[in-house]
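Chains as they are written, first to last, in the UniProt record's numbering: chain U, 1 to 490; chain L, 1 to 490.
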């Protein structure tokens, strides 16, 4: 039992009672616990020393963080990622998963597939954890593991020292302090959200068929309300409408006349698009049967939305997509902020007050002192910043500035410049909008219709990160076309 | 507002306050609630009358119930299915979904795809509900809707009158009254179980990599224990082993030496198979590194299993598959039972004490008076019974015995005879067992190895019900082979 006593001494945690038995099965079992080579707990993530690679710590696993990790030169750096999810979500296709056009897994990309060094290199890690604090003086972050389900460990706290820290924590949905939104509405930002929306939608479809339900109650259950007319809200409405037309009418023929989609928006829908495309989208959605309601939500109760103008809207499913803002953790960080409360950064994406700390994506914004505009909270901004920063860190690393505190006098080269590539949104019925202008005022190509839809699908298919998921997205689209959407509620 | 007042009178349920507003958006919204044709609540499922088709009510959506529904002649009968899940699970492939070899949706088949009349025919329904009582005198069943998540309705009770009732409620896992099993172990019977196992496995893999975890705790977290050496337990162990060898070693290289699979069985593993195949499986699994422990579980605590011989086994994941027995609802039915507590049936699968009531699958067993052996709780038994009973009901229907109480004097034809087609089980590493003997004592082909594995895969691929899922299973297998298993924890 020497191995076991050693462990008792090594381990700082509470240890369950030792294995004890006198039967053959015990030695058999014990063989597992002792046959492996002795190990000491991982050396921990104390500051790196010569002989170790400098450590880049990435907080978050969204578009920004993942693009950065993908681009990092892992012969220079070790990569440590801290995130409550072990995959990146291909957000532009998330709306399609709610109705079964795509499978959930087709839009999720495991982080170790994006940067394989994380599982291969001895000094690179992925931790399923949340960051709970940053200490820029000490060059370290505090983290706490995520737990759920049966028999998990107590949340475990640990500290990671960094040479470079990248804050890529994203944003969270804005509710504008409206009462009841968090309790009763679904957001559409994570795969788990899409799964919940799907379960709810299918549950309502089935419940509405139960004998004795009044027509009014049936209509309420089958009234899908989307608040927010940005690309997410519009794409979700379009997908829902496709689902209703093609699948509900076949699979839920009893209730097909009672289902309805309503999109509530305070201003114009798709405000970032060309006015002509906005009109096209409005017309198409309305023609499809999606009701577009101009209004401001005042209050949300379990089965009814109250608008400022006094109207009451009964609903069965409520999806909330009115934009995003900084998370409480970002709010709590004591660093200079950009207008809008994001982490303030300079032209090289650095957090000026904290050496070796960078911020990218939705959680960051240019400081007023840079004279630059705050960039929109878009996947393409975060991705471009991640790509830029990976190149910057690789350059710094090659020039000997990879260690903590050693990049002060280096020339960082060209600052980050964002060039908008355009916007796309699908509106259902094999139609989409493509707006390739660099800004609202600029000139350039903008188009709408089937060709745009084809461009939209092709563009996203090539943007999906791994070949595996590219294959799955293509297979999903093909089977949806041939067999219809899957409606099993699992 | 005439439509609304009418609804108030028609509807027996509590009605939320009426829509009220004076703004344009109101009229717009109202148009949805009033533009559809007036409907009264569904006529309810009172006894069928001439002019309506006779009604077959099926309780359950497993192998038996689904095969029956598939075979029913829907020009003769209306079909009503009552089940808490709207899909059938292709159980033999469920173990593969836990480790990502197959996707969850590839093994789930929506019921309306199995019997499309359910969504098409005005008198056919699927209800997402549990049966709470059977009244054979009145020829009716009581049901209660399933609810979950946010804002669902209160469970709603309703009654369905039947002309023929088929009880196909399946079974539930046996825990032998062992304390802690229900709280701490996972079963492997539904897609949701496989999802939970997968989440837990991936969580443990990631938690075990957190700095400061003792080696002992790491080994505990990564110790996967399977209790029960039947086909499910063995297949799950084999799949887990494949996952460890091929994927964990690549994707979780840091912890790959700490993961271990143990299979606990009180007797021989795969006791229904040929002795030679049993030995082969034992050797192969042991060679793979799966520990097979002979022992009887006495108690299950959150992180430790206690065996009768006094040994204690720390675990991180516990899967329980020690066989199945009747559910509490089946136990509560006051009908003559077969040995083992199943619903007693005669040679034509009738419940003799209740006219027009049949029982098939795991929940039923031949009455002692028939002199027939109780059939094993296998998918192929349930499926064969479903097929037989569909043909019997179609014959009865054609001969004028479809209505409640009208089949008394009809000749039912040949009684049900079960012919065992053989058993198959995969044991990982491209190896499987195929035992084509009709019983343990009979002679016949039995084989093991790669060819068997190929037979196993081909056989199941052809058995998967829809072309859609057949395609997905094939694509899943191909991508697993090429890209490895998916490890995103969604």
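Yeah, the Cβ is synthetic: ideal placement off N, Cα and C, and Gly gets one too.
Proximal chain L residues relative to residue i, where beta-carbon distance stays under 8 Å
| i | result |
| --- | --- |
| residue 87 of chain U | 488, 489, 490 |
| residue 206 of chain U | 86, 126, 127, 128 |
When the options are compared against residue i, the one with the closest alpha-carbon
| i | options | result |
| --- | --- | --- |
| residue 307 of chain L | L:162, L:179, L:161 | L:179 |
| residue 432 of chain L | L:71, L:449, L:53 | L:449 |
| residue 155 of chain L | L:121, L:129, L:324 | L:129 |
| residue 104 of chain L | L:397, L:332, L:199, L:248 | L:199 |
| residue 491 of chain U | U:438, U:406, U:380, U:294 | The requested residue 491 of chain U does not occur in the structure, where chain U is confined to residues 1 to 490. |
| residue 377 of chain L | L:400, L:453, L:232, L:314 | L:232 |
| residue 90 of chain U | U:459, U:196, U:311, U:341 | U:459 |
| residue 396 of chain L | L:411, L:58, L:94 | L:411 |
| residue 253 of chain L | U:122, U:137, U:417 | U:122 |
| residue 406 of chain L | L:139, L:75, L:115, L:251 | L:139 |
| residue 469 of chain L | U:46, U:470, U:478 | U:478 |
| residue 115 of chain L | L:474, L:466, L:329 | L:466 |
Cutoff 7 Å; reference residue i; Cβ partners in own chain excluding five residues on either side
| i | result |
| --- | --- |
| residue 480 of chain L | 101 |
| residue 490 of chain L | none |
| residue 282 of chain L | 269, 292 |
| residue 296 of chain L | 266, 307, 308 |
| residue 181 of chain L | 175, 300, 320 |
| residue 418 of chain L | 375, 381, 384 |
Neighbour list for residue i in chain U, Cβ cutoff strictly below 9 Å
| i | result |
| --- | --- |
| residue 119 of chain L | 250, 251, 252, 253, 254 |
| residue 112 of chain L | 250, 251, 252, 487 |
Beta strand (DSSP E) segment containing residue i, residue limits
| i | result |
| --- | --- |
| residue 479 of chain L | No beta strand (DSSP E) holds residue 479 of chain L; the alpha helix (DSSP H) holding it covers 467 to 483. |
| residue 357 of chain U | 357 to 359 |
| residue 320 of chain U | 317 to 320 |
| residue 142 of chain L | 140 to 145 |
| residue 291 of chain U | 291 to 294 |
| residue 157 of chain U | 157 to 161 |
| residue 343 of chain L | 343 to 345 |
Residue range of the unbroken alpha helix (DSSP H) whose run includes residue i
| i | result |
| --- | --- |
| residue 179 of chain L | First-last for residue 179 of chain L: undefined, no H or E at that position. |
| residue 113 of chain U | 111 to 114 |
| residue 118 of chain L | 117 to 120 |
| residue 380 of chain U | 379 to 398 |
| residue 327 of chain U | From DSSP, residue 327 of chain U is part of no alpha helix (DSSP H); its letter is neither H nor E. |
| residue 446 of chain U | No alpha helix (DSSP H) holds residue 446 of chain U; the beta strand (DSSP E) holding it covers 446 to 449. |
| residue 285 of chain L | 275 to 288 |
Cβ-heavy atom distance, residue i to the ligand NAP, below 8 Å
| i | result |
| --- | --- |
| residue 206 of chain U | Because no ligand of any kind appears in the structure shown, any question about the ligand NAP cannot be addressed here. |
Residues that residue i contacts on chain L, provided the C-beta gap is smaller than 7 Å
| i | result |
| --- | --- |
| residue 468 of chain U | 479, 483 |
8 Å CB neighbourhood of residue i in its chain, flanking five on each side removed
| i | result |
| --- | --- |
| residue 111 of chain L | 61, 66, 69, 81, 83, 86, 87, 88, 118, 126 |
| residue 207 of chain L | 213, 221 |
| residue 241 of chain L | 261, 285, 288, 289, 290, 428, 429 |
| residue 99 of chain L | 198, 201, 239, 240, 242, 243, 247, 485 |
| residue 374 of chain U | 338, 339, 340, 342, 365, 366 |
| residue 312 of chain U | 304, 305, 306 |
Contacts of residue i in chain U (Cβ-Cβ under 8 Å)
| i | result |
| --- | --- |
| residue 243 of chain L | Result: empty, since nearest Cβ-Cβ is about 14 Å, beyond 8 Å. |
| residue 475 of chain L | 471, 472, 475 |
| residue 104 of chain L | 490 |
| residue 83 of chain L | The premise fails here: residue 83 of chain L is roughly 10 Å from chain U at the closest Cβ pair, so nothing lies under 8 Å. |
Under 9 Å from the C-beta of residue i: neighbouring residues of chain L
| i | result |
| --- | --- |
| residue 375 of chain U | The contacting residues do not exist; residue 375 of chain U stays about 28 Å from chain L at best. |
Partner residues on chain U for residue i, Cβ-Cβ distance less than 7 Å
| i | result |
| --- | --- |
| residue 108 of chain L | 488, 490 |
| residue 187 of chain L | By Cβ distance, chain U contributes nothing, its closest Cβ being about 12 Å from residue 187 of chain L, past 7 Å. |
Chain-order list of residues whose beta-carbon lies under 6 Å from that of residue i (same chain, five-residue window excluded)
| i | result |
| --- | --- |
| residue 274 of chain L | 435, 446 |
| residue 157 of chain L | 144 |
| residue 352 of chain U | 346 |
| residue 472 of chain U | 106 |
| residue 38 of chain L | Model confidence at residue 38 of chain L stands at a pLDDT of 44, short of 50, so the residue's coordinates are unreliable; what they give is reported in the following sentence. No residues qualify anywhere along the chain. |
| residue 205 of chain L | 252 |
Neighbouring residues, chain A, relative to residue i (Cβ below 9 Å)
| i | result |
| --- | --- |
| residue 192 of chain U | The structure shown contains no chain A; its protein chains are U and L. |
Counting only runs that start and end within the region 204 to 268 of chain L, where is the alpha helix (DSSP H) found for 4 or more residues in a row?
If we require 4 residues or more, the alpha helix (DSSP H) runs fully inside the region 204 to 268 of chain L come out as 215 to 221, 231 to 243.
Please specify which runs of the alpha helix (DSSP H), each continuous and at least 4 residues long, are wholly inside the region 406 to 438 of chain U, giving them in chain order.
Listed in chain order, nothing qualifies, since the region 406 to 438 of chain U has no complete alpha helix (DSSP H) run of 4 or more residues.
Could you pull out every unbroken alpha helix (DSSP H) segment of at least 4 residues lying fully inside the region 61 to 132 of chain L, listed in chain order?
DSSP runs (the alpha helix (DSSP H)) wholly in the region 61 to 132 of chain L: 63 to 71, 94 to 98, 111 to 114, 117 to 120.
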